[in-house]
Amino acid sequence: NAGVTQTPKFRILKIGQSMTLQCTQDMNHNYMYWYRQDPGMGLKLIYYSVGAGITDKGEVPNGYNVSRSTTEDFPLRLELAAPSQTSVYFCASTEGRAEAFFGQGTRLTVV
Amino acid sequence: AQTVTQSQPEMSVQEAETVTLSCTYDTSESDYYLFWYKQPPSRQMILVIRQEAYKQQNATENRFSVNFQKAAKSFSLKISDSQLGDAAMYFCAYRSPYSGNTPLVFGKGTRLSVIA
Chain X
58 NAGVTQTPKF RILKIGQSMT LQCTQDMNHN YMYWYRQDPG MGLKLIYYSV
108 GAGITDKGEV PNGYNVSRST TEDFPLRLEL AAPSQTSVYF CASTEGRAEA
158 FFGQGTRLTV V
Chain R
169 AQTVTQSQPE MSVQEAETVT LSCTYDTSES DYYLFWYKQP PSRQMILVIR
219 QEAYKQQNAT ENRFSVNFQK AAKSFSLKIS DSQLGDAAMY FCAYRSPYSG
269 NTPLVFGKGT RLSVIA
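Quick note, the sequences are listed as chains X and R, same order.
With my numbering, letter number 76 in the first sequence gets 133, and the count goes up by one each step, no holes.
With my numbering, letter number 35 in the second sequence gets 203, and the count goes up by one each step, no holes.
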């Protein structure tokens, strides 16, 4: 039972580069989220999706893009990486009245 | 928009003692879910306990229990018989059941230290 799988676990990017953080869940959840966690802080919502083909902005969407072509996958795209995007990124999913299930996180450093 | 406030950035407790972590939230909804998550140094987010707003009975999971005061919009976590493995960041979270609202909102966290 894989749950929520995030890749990669670590990544170093140079300023201006782009990358995609992958997130896949095998629980058939409709709700999926992307959060970022800065050092010593809580989680801030970047984007979320309530089902395939539907996405919406969260609290801190600038500099990111998402897509949801299938129920299972919810990739997060960083265009023109900036040092302010250095953070730990979490993907999560949920359904119904259940709690959110989290991936193991991606530690991203932009230098 | 809903907000979650954890007013204690850091707490400490002696091993085997009891500690209570505070959480308050702001919402106009009558139905919602509340959660406590634990984040150890491994970064993994681990569900500790959950509470559904329509249930008046406080949730309990082994050494972890909550004091849910709906009118006061308060949701504190009590850890009994604290163990070294309880040392972690603890996040309180609110989830709306309505798809049009921000689905899961976190507080800033409380870092719990356990002293041997």
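All C-beta atoms in this analysis are idealised placements derived from N, C-alpha and C, irrespective of residue type, glycine included.
Residue i versus residue j - alpha carbon distance
i: R:N226; j: R:Q176; result: 22 Å
i: R:Q219; j: X:I72; result: 43 Å
i: X:V168; j: X:F131; result: 26 Å
i: X:R134; j: R:Q224; result: 42 Å
i: R:G253; j: X:I103; result: 31 Å
i: R:I217; j: R:K206; result: 9 Å
i: X:G97; j: R:Y258; result: 11 Å
i: X:C80; j: X:G160; result: 8 Å
i: X:N119; j: R:A256; result: 30 Å
i: R:S198; j: R:Y222; result: 8 Å
i: X:E136; j: R:V234; result: 42 Å
i: R:I214; j: X:P65; result: 20 Å
i: R:R231; j: X:D113; result: 38 Å
i: R:K276; j: X:R93; result: 12 Å
i: R:S281; j: R:W204; result: 17 Å
i: X:N122; j: R:Q182; result: 45 Å
i: R:E229; j: X:S75; result: 43 Å
i: R:S250; j: R:A284; result: 10 Å
i: R:T171; j: X:M89; result: 20 Å
i: R:M179; j: X:L78; result: 34 Å
i: R:S196; j: R:S264; result: 11 Å
Exposure of residue i, with buried meaning 16 or more beta-carbon neighbours within 10 Å
i: R:Q174; result: buried
i: R:I247; result: buried
i: R:A240; result: exposed
i: R:P110; result: Nothing about residue 110 of chain R can be reported from this structure: the residues present for chain R run from 169 to 284 only.
i: R:Q237; result: exposed
i: R:T278; result: buried
i: X:S144; result: buried
i: X:T127; result: exposed
i: X:I151; result: Residue identity check: residue 151 of chain X is Thr in the sequence provided, not Ile. Buried, because 16 or more other Cβ atoms sit within 10 Å of the Cβ of X:T151.
i: X:A138; result: buried
Unbroken beta strand (DSSP E) run spanning residue i, endpoints
i: X:C148; result: 144 to 151
i: R:C260; result: 256 to 263
i: X:Y90; result: 88 to 94
i: R:Y193; result: 192 to 194
i: R:K206; result: 201 to 207
i: X:R68; result: 67 to 70
i: X:Y121; result: 121 to 123
i: R:P231; result: In the sequence under discussion, the amino acid at residue 231 of chain R is Arg, which differs from the Pro named in the question. Per DSSP, R:R231 belongs to no beta strand (DSSP E) and is neither H nor E.
i: X:Y105; result: 100 to 108
i: R:L252; result: No beta strand (DSSP E) contains R:L252, which DSSP labels as neither H nor E.
i: X:Q79; result: 76 to 82
i: R:T171; result: 171 to 173
i: R:S281; result: 278 to 283
i: X:L133; result: 133 to 135
i: X:Q63; result: 61 to 64
i: R:S198; result: R:S198 -> no beta strand (DSSP E), and no H or E assigned at all.
i: R:S180; result: 178 to 182
i: R:K186; result: This sequence places Thr at residue 186 of chain R; Lys is not what is there. Taken as a continuous stretch (DSSP letters only), R:T186 belongs to no beta strand (DSSP E), as it is neither H nor E.
**Study point:** Against chain X: residues of the region 255 to 277 of chain R by CB proximity under 7 Å
**Key:** Residues of the region 255 to 277 of chain R with a Cβ closer than 7 Å to any Cβ of chain X, in chain order: F259, S267, T270, P271, L272, F274, G275, K276, G277.
Exercise for review: Identify each residue in the region 180 to 209 of chain R for which the Cβ-Cβ distance to at least one residue of chain X is less than 9 Å, and report them in chain order.
Suggested key: Listed by position, the residues of the region 180 to 209 of chain R near chain X (Cβ gap below 9 Å) are Y201, F203, Y205, Q207.
Practice item. Give, in chain order, every residue of the region 149 to 163 of chain X whose Cβ lies closer than 8 Å to some Cβ of chain R. Key: Legend: CB atoms of the region 149 to 163 of chain X lying less than 8 Å from CB atoms of chain R belong to residues A149, T151, R154, E156, A157, F159, Q161, G162.
Review point. Listed from N- to C-terminal order along the chain, which residues in the region 209 to 232 of chain R have their beta-carbon within a distance smaller than 9 Å of any beta-carbon of chain X?
Key: From the region 209 to 232 of chain R, only S210, R211, Q212, M213, I214, L215, R218, E220 have a Cβ closer than 9 Å to chain X.
Point to revise | the region 86 to 107 of chain X: positions lying closer than 7 Å to chain R by Cβ | key: Of all residues in the region 86 to 107 of chain X, Y88, Y90, M98, G99, L100, L102, Y105, V107 have a Cβ within less than 7 Å of some Cβ in chain R.
Review point. Given a limit of 7 Å on CB to CB distance, which residues of the region 135 to 147 of chain X reach chain A?
Key: No chain A is part of this structure, whose protein chains are labelled X and R.
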